[in-house]
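Novice: Supplied in structure tokens, the structure appears directly below.
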Amino acid sequence: MSVFTTVLARDLRLALRQSADSLTVIAFFAIATVLFPFGIGPEANILARIAPGVVWVTALLAALLSLDRIFTVDFEDGTLDQLILSGAPLPVVVLAKVTAHWLTTGVPLIIMSPVLAVTLHLPAEGYVPLMLALLLGTPTVSLVGAVGAALVLGTRRGGVLLSLLVLPLYIPVLIFGTAVIEGAITGVPVTPLILAGFAILALTLCPWAASAALRQAAE
Amino acid sequence: MSVFTTVLARDLRLALRQSADSLTVIAFFAIATVLFPFGIGPEANILARIAPGVVWVTALLAALLSLDRIFTVDFEDGTLDQLILSGAPLPVVVLAKVTAHWLTTGVPLIIMSPVLAVTLHLPAEGYVPLMLALLLGTPTVSLVGAVGAALVLGTRRGGVLLSLLVLPLYIPVLIFGTAVIEGAITGVPVTPLILAGFAILALTLCPWAASAALRQAAE
Amino acid sequence: MHRFANPTQFMRIANAIFPWVAGLAVILFVIGLPIALVTSPPDYQQGETVRIMYIHVPSAWLALMVYGTMAGGSAAFLIWRHPIANLTAKAAAPMGAVFTGLALVTGMLWGQPMWGTFWVWDARLTSFLILFFLYLGYLALGDAFEDSERGDKAAAILCLVGSINIPIIHFSVTWWNTLHQPSIMKLGGDGVKSSVDGSILLPLFVMLGAFTMYFFAVLILRLRSELLAAKIRNARLSQAAVGDALGQAAE
Amino acid sequence: MAEYFNMGGYAAWIWPCYGLVTLGLVGVLVTTLRGLNARTREFEALKSARRGDGA
Amino acid sequence: MVRLMVEKTFTAQTFSGANLSCRRGGRLVFAGLHFAVPPGGALILRGHNGSGKTTLLRLMAGLTPSSAGHLAWDGQAIDDPDAHAARLRFVTHLDAVKPALTVAENLSFWMSLWAGKTNESALQKSLQAFDLKRFETFPARLLSAGQRHRLALSRLLVAPAPLWLLDEPGNALDDASLAALARAIADHRASGGQVVIASHGSAFVDDGMTLDVGAFTPTTAAHWSEEE
Amino acid sequence: MVRLMVEKTFTAQTFSGANLSCRRGGRLVFAGLHFAVPPGGALILRGHNGSGKTTLLRLMAGLTPSSAGHLAWDGQAIDDPDAHAARLRFVTHLDAVKPALTVAENLSFWMSLWAGKTNESALQKSLQAFDLKRFETFPARLLSAGQRHRLALSRLLVAPAPLWLLDEPGNALDDASLAALARAIADHRASGGQVVIASHGSAFVDDGMTLDVGAFTPTTAAHWSEEE
Ligand code: HEM
Ligand SMILES: Nc1ncnc2c1ncn2[C@@H]1O[C@H](COP(=O)(O)OP(=O)(O)OP(=O)(O)O)[C@@H](O)[C@H]1O
Ligand SMILES: Nc1ncnc2c1ncn2[C@@H]1O[C@H](COP(=O)(O)OP(=O)(O)OP(=O)(O)O)[C@@H](O)[C@H]1O
Ligand SMILES: [Mg+2]
Ligand SMILES: [Mg+2]
């Protein structure tokens, strides 16, 4: 087995054994989204207006919450030292871990999103673009988040610091992610390809940046 | 020194040594709030309409993120065992830790809130009620959050699970917190006393619930 | 380049230019402030508020320049492990955050009389706000480690990642904003640009120079301070090491 | 003079701007100098303490 | 190294346990275990890895409940865990050291919690007992594995308590520190305190009773009780 | 207990370091340290707490950079840390054991990462070497401190590598496990491997060289270089 599949298989198996973990991510996504009608009031037209933004923002926060610990456990129990010493290319290991993370949290989130869109009265034209935008945007979110998670290894209060570091970097994804949905609703289509472009850019840069940060953390 | 002041003094000292920690909570609050205009668009009237809800929801999420680790570190490094074995009344210890947490994160959040209200174009009448509502509401948030944090000790991915447990409990605070602000704006005042009532209720119940959960975790 | 890797040598050069830079900063402020505040005429469109521009624009300019300095320093630190490059980035960061904050605050104070609101989600304002967050993130990360050396490298990586993202953010925000741009923002900088003439350019450039010289002067002072801090850390910790060794030998 | 300080009605914006910028720049300068002085003193103290040790 | 002066002589009381069993993770770790430690006595827990030494110590501390049997102090069954907690000190693998606080701050926090106030001279004595005096003003994060463990051990001395429970206290200690620990234990026993030590290596005492925890592992049948 | 059959004899190569210094947290921990371990050799690191044994091992593994000096393999300076990593196994205080995976799954993950594939018979041998066979299908969270550490040690055997770096490998081990470890080390050396062990207690070998890391703590004068 290649390094990628070995690490991916292990992380998926761990996630499966602890399936509560990815369920809680989805639960957070659901509950945080549902908070908005309580905070803003139940008017359908306002909720519909803000729905794409709210879904995207909560998806970003949910991803962030779960990314927080993507390397922490490995760091604290010594696995990270051993992975670095395995001689396997570290960017590949990072990519495998990010892939596992995306499969166990990003994908369920995408599947879940139409349900939440219903509660926020998103117009029907928005559903497919919503899922498409999440499908193309969440890989970038996971990749950029992994760099942040690697950077905050060994700090106290990793989660909050992580948000400070990566949320500003998520803004382009957020802008185009919501634009795709709103474009479909207002009838002025916006191409989702730019999200794919971001993903490719992140794919070429983030594994390296994250592994530099990981090596640094193990020093 | 009493148990309360001893624990409070230590936690405040730790927070001061690591002052970046409470700063990052505020930073998270700011950034998460600012995400909404990106997701929703820059129109001032829509932003003003959703401002109270958005500020409250992000304040809740910020508190949640920082509460996540209120007992974790003590649990993981063995301090919790020692605190339980100290023979000091555990609810008092919990109350001291929650007070320290509120002073270092809740208070800065309240001070920060008007600035964010500006960026969301909250009408001027809303400022004082906003701060008042946060002042009366955040103690409840900290106290309830502490119970959740104690309950999830020892689980992995505590943060996400915590949200799941605690966010539904926050909904009353959220509803009345935003009602106070919106009431002031629309000229139909809503008394903030109900928030104080929640706080008193939380004060009498939460320390006991949290310490029962902590004993449970140490087993 | 390698000549500067040696802190002593680098500081010798820095100390040599310090009086010039500091002197120039003082002179330019002494010349620039009276022009900006008194002698320059009010703008025909913006009236007296144009005087805010003479500090707003230099602050904004420096905020960007400092980030460039930090990115360069971080890259040099990560690639060649130059300690001075790292210290430069570290010393510059708080100043960059302050300049960004000042540009934001002066911009907001300008926006109220001009646009009737403290804040609009205009592209340039918005991307500046994000720049401010990037600065805060850098400072927070550098500060978050028990071991200060670890914070240095992590912050350097973050700085580089951020510098790749700044153009992306800028482009996205511009695009986002032009999509549904409220009308009040049309008043922005372009209105001024058309009326730019010597009477405005002169104080602007003098103040730009003054701010830049101020930055370099204070940067040198902060570098000195950072170097001393490193020495003190070494000294303190090594004293303890020696105590440890001696104590053990005595047993 | 009063008219000058009034800044054509924009005094409430212009003077706070200049005030805040002054505060910011002077603040950075002062904290820098104070840090530098404190560290210089600390370093000298450490150096002389060590000379004492060695003797 | 300064010899610790023991100020308080504890009122003599026997700590005992009768017919103790404990389950962890659904499995019975030991059953039918008896022990008694008289004042001034020492009990050494031995047993192969996984025999239940750590589990027994946590049970003795009142942290983990026993599934059968009971603990007694002076012959009285212990029913108030807080009162029991107040007369013991527990040193485990987890050292409860805050990296951001200095060595002295770490110690004085526990002193003020246990004794209600901080006492500078007792603090100094505890620091000296494990040769930590010169690290007094250092943040604890700068300590090596053994130094941190010494800081955890010095907590034993900041406020007197008759019963010490020590889980592998010799881990990561160099020879000088091992000697200091043996001395601290001897002093404690001389003043009437008792000590329970789980250790694979040095026992730190010459005259203690030894309890082989492994001997109380239930037989296979009892072990894998169906009702788990 | 099954005696481990060593399948591979390593090509003989000396691992050495010259003039090594290392700083941690801004402080020079040791300076001017030299060592050399020939094939089949053993190096025992000694030194008081905080002398830098753990630091030196991490440096030998290539995790922590040295601030001066260099490491060499077969006389060649080591410049590719990944190539160096591939020829060593490092066992530390942190055991890299995943509580949710079974003992066998934990081992086979590392085997497949290091060897590119899993080999059932090598897996079984590694399990037997540290008497973990009967825990094979247990989730690792059920293991006691010593059992977990044995699992970490058994990783040494799943895929051969010539250089073993062991940080206090005897911690928490009972006597039978200590003997198993000594045997594993002897077998490894017999097949030409070399081993570096930091330990306060048992050295596990009779004929190793000893390096007192504490002797390389810099003197005060060396510390205070003006030009820093
Ligand atoms: C919070 C509010 C504001 C922020 C964050 C802000 C930020 C900036 C930034 C980033 C620049 C660019 C500097 C450069 O490219 O070198 C700039 C330049 C400028 N700003 Fe602002 N600004 C704000 C408000 C205003 C207001 C209200 C006005 C005037 C009505 C204004 C007028 C200008 C002018 C004239 C320039 C220079 C000309 C140019 O580069 O186009 N700004 N500001
Ligand atoms: N991450 C770190 N940051 C700062 N200082 C460190 C760090 N790691 C180790 N040190 C310092 O380096 C010195 C050597 O530590 P090390 O852990 O190598 O000692 P050791 O010989 O293994 O001690 P022990 O026997 O207690 O395990 C210690 O004084 C410690 O303060
Ligand atoms: N939290 C727990 N959940 C489930 N099982 C546990 C738990 N803690 C301990 N055990 C089980 O209890 C048994 C006894 O563990 P314990 O840690 O007490 O052993 P020990 O004698 O201290 O061993 P060692 O010498 O290795 O430290 C072990 O087999 C372990 O599987
Ligand atoms: Mg144990
Ligand atoms: Mg060590």
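Residue numbers (our numbering), protein chains in the order written: chain P, 10 to 228; chain Y, 10 to 228; chain G, 4 to 254; chain C, -7 to 47; chain W, -17 to 210; chain B, -17 to 210.
For each residue, glycine too, the CB sits at the ideal point set by N, CA and C.
1) With distances taken from CA atoms, which of Asn18(G), Phe13(G), Leu65(G), Ala95(G) is nearest Met210(G)?
2) Whole angstroms is fine: what's the gap from Phe91(W)'s alpha carbon to Ala18(Y)'s?
3) Indicate whether Leu212(Y) and Leu152(Y) have their beta-carbon atoms separated by less than 8 Å.
4) Helix, strand or coil for Arg171(B), going by three-state DSSP, please let me know.
5) Taking C-alpha atoms, which residue in Val19(W), Val85(W), Gly34(W), Ala86(W) lies nearest to Leu53(W)?
6) Whose C-alpha, out of Ile55(P), Ile93(P), Thr81(P), is nearest the C-alpha of Pro224(P)?
7) Nearer than 7 Å: is that true of the beta carbon of Lys39(C) relative to any heavy atom of ligand 3?
8) Using only the heavy atoms of ligand 4, determine whether one of them is closer than 7 Å to the beta carbon of Ser126(B).
9) Please report whether the beta-carbon of Ala36(C) lies at a distance below 8 Å from any beta-carbon of chain G.
10) So, does the stretch 78 to 85 of chain P touch the stretch 206 to 221 of chain Y, judging by three or more C-beta pairs under 8 Å?
11) Pull up the DSSP beta-bridge partners for Met191(B), would you.
12) Scan the stretch 86 to 101 of chain B for residues whose Cβ lies nearer than 9 Å to a Cβ of chain P and list them as they occur along the chain.
13) Per the DSSP calculation, Trp146(B) is bridged to which residue(s)?
14) What residue range is occupied by the uninterrupted alpha helix (DSSP H) comprising Val137(P)?
15) Measuring straight from C-alpha to C-alpha, what distance separates Tyr136(P) and Pro123(P)?
16) Please work out which residues of its chain come closer than 7 Å, Cβ to Cβ, to Leu40(G), disregarding the five sequence neighbours upstream and downstream, and give them in chain order.
17) For chain Y, is any of its Cβ atoms less than 8 Å away from the one on Val116(P)?
18) Got a sec? Which residues, its chain only, sit under 6 Å from Leu2(B) by beta carbon, not counting five neighbours each side?
19) Anything in the stretch 171 to 198 of chain P with a Cβ closer than 7 Å to a Cβ of chain Y? List those residues in chain order, please.
20) Using 8 Å for Cβ pairs, my map puts Leu28(C) next to Ala238(G). What's the rounded Cβ distance?
21) Report buried or exposed for Glu52(P), applying the criterion of at least 16 other Cβ atoms within 10 angstroms of its Cβ.
22) Could you tell me if the beta carbon of Asp149(B) falls within a distance shorter than 7 Å of some heavy atom in ligand 5?
23) For His75(B) and Thr113(Y), I'd like the C-alpha separation in whole angstroms.
24) Which word fits Phe45(P), buried or exposed, when buried means at least 16 other C-beta atoms lie within 10 angstroms of its C-beta?
25) Considering only their Cβ atoms, is the gap separating Ile167(B) from Phe198(B) smaller than 8 Å?
26) Go ahead and label Ile16(G) buried or exposed: buried means 16 or more other beta carbons lie within 10 angstroms of its beta carbon, across all protein chains shown.
27) Between Lys35(W) and ligand 4, is there a pair consisting of the residue's CB and a ligand heavy atom that are separated by less than 7 Å?
28) Heavy atom of ligand 2 less than 7 Å from the Cβ of Asn31(B), yes or no?
29) Buried or exposed: which applies to Lys35(W), given that a residue is buried once 16 or more other Cβ atoms fall within 10 Å of its Cβ?
30) If you count every other CB in all the chains shown that lies within 10 Å of the CB of Thr192(B), and 16 or more means buried, which is it?
31) Quick check: is any heavy atom of ligand 4 less than 7 Å from the C-beta of Ala122(B)?
32) Counting only the same chain and skipping the five closest in sequence on each side, list residues whose C-beta sits under 8 Å from that of Thr215(W).
33) What's the call for Lys99(B), buried or exposed, on a 16-neighbour Cβ count within 10 Å?
34) Exposed or buried, what is Gly192(G) when buried is set at 16 or more other beta-carbons lying within 10 Å of its beta-carbon?
35) What does DSSP give as the partner residues of Ala3(W) in its beta bridges?
36) Measure the C-alpha to C-alpha separation of Pro61(P) and Thr147(P) and round it to an integer number of angstroms.
Specialist: Let's see:
1) Of Asn18(G), Phe13(G), Leu65(G), Ala95(G), the smallest CA-CA separation from Met210(G) is found for Leu65(G).
2) CA-CA distance, Phe91(W) to Ala18(Y), rounds to 9 Å.
3) With respect to the 8 Å criterion, Leu212(Y) and Leu152(Y) are classified as neighbours on the basis of their beta carbons.
4) Helix, per DSSP.
5) Selected option, being the one with the closest Cα: Val19(W).
6) Here the sequence assigns Arg to residue 224(P), which means Pro is not the residue at that position. Arg224(P) has its Cα closest to that of Ile93(P), out of Ile55(P), Ile93(P), Thr81(P).
7) For Lys39(C), the shortest C-beta to heavy atom distance toward ligand 3 is 7 Å or greater.
8) The beta carbon of Ser126(B) sits closer than 7 Å to at least one heavy atom of ligand 4.
9) The sequence given here has Glu at residue 36(C), not Ala. At a cut-off of 8 Å between beta-carbon atoms, Glu36(C) makes no contact with chain G.
10) With the cut-off at 8 Å, the stretch 78 to 85 of chain P and the stretch 206 to 221 of chain Y do not touch.
11) Answer is Leu25(B), bridged to Met191(B).
12) The stretch 86 to 101 of chain B vs chain P, Cβ under 9 Å: Glu87, Phe91, Trp92, Ser94, Leu95, Trp96, Gly98, Lys99, Thr100.
13) For Trp146(B), which the question treats as bridged, DSSP gives the partners Arg71(B), Val177(B).
14) For Val137(P), the enclosing alpha helix (DSSP H) stretches over residues 136 to 160.
15) Each residue's Cα considered, the two are about 6 Å apart.
16) Arg54.
17) Closer than 8 Å: no.
18) Apart from sequence neighbours up to five positions away, the residues of its chain that approach Leu2(B) with a beta-carbon distance below 6 Å are Leu15, Ser48, Gly51, ordered along the chain.
19) Here the close residues are Ser172, Leu173, Leu176, Pro177, Ile180, Leu183, Ile184, Thr187.
20) Beta-carbon to beta-carbon, Leu28(C) and Ala238(G) are separated by about 17 Å, too far to satisfy the 8 Å threshold.
21) Looking at its Cβ environment, which holds fewer than 16 other Cβ atoms inside 10 Å, Glu52(P) is exposed.
22) Yes, Cβ of Asp149(B) sits closer than 7 Å to a heavy atom of ligand 5.
23) Across the structure, His75(B) and Thr113(Y) are spaced so that their CA atoms are roughly 35 Å apart.
24) Result: buried.
25) Not closer than 8 Å, so no.
26) In summary, Ile16(G) is exposed, with fewer than 16 beta-carbon neighbours lying within 10 Å of its beta-carbon over all protein chains present.
27) Correct: Lys35(W) has its Cβ closer than 7 Å to ligand 4.
28) Within the cutoff, so yes.
29) Buried.
30) Counting of Cβ neighbours within 10 angstroms places Thr192(B) among the exposed residues, the total staying below 16.
31) No, Cβ of Ala122(B) sits at least 7 Å from all heavy atoms of ligand 4.
32) Limits of chain W in this structure are -17 at one end and 210 at the other, which puts residue 215(W) out of reach.
33) When all chains shown are included, Lys99(B) counts as exposed.
34) With a pLDDT of 47 at Gly192(G), under the threshold of 50, the predicted position of this residue should be treated as unreliable, and no value is reported.
35) Contrary to the premise, residue 3(W) reads as Ser rather than Ala in this sequence. Ser3(W) is bridged to Ala50(W).
36) Going by C-alpha positions, Pro61(P) is about 15 Å away from Thr147(P).
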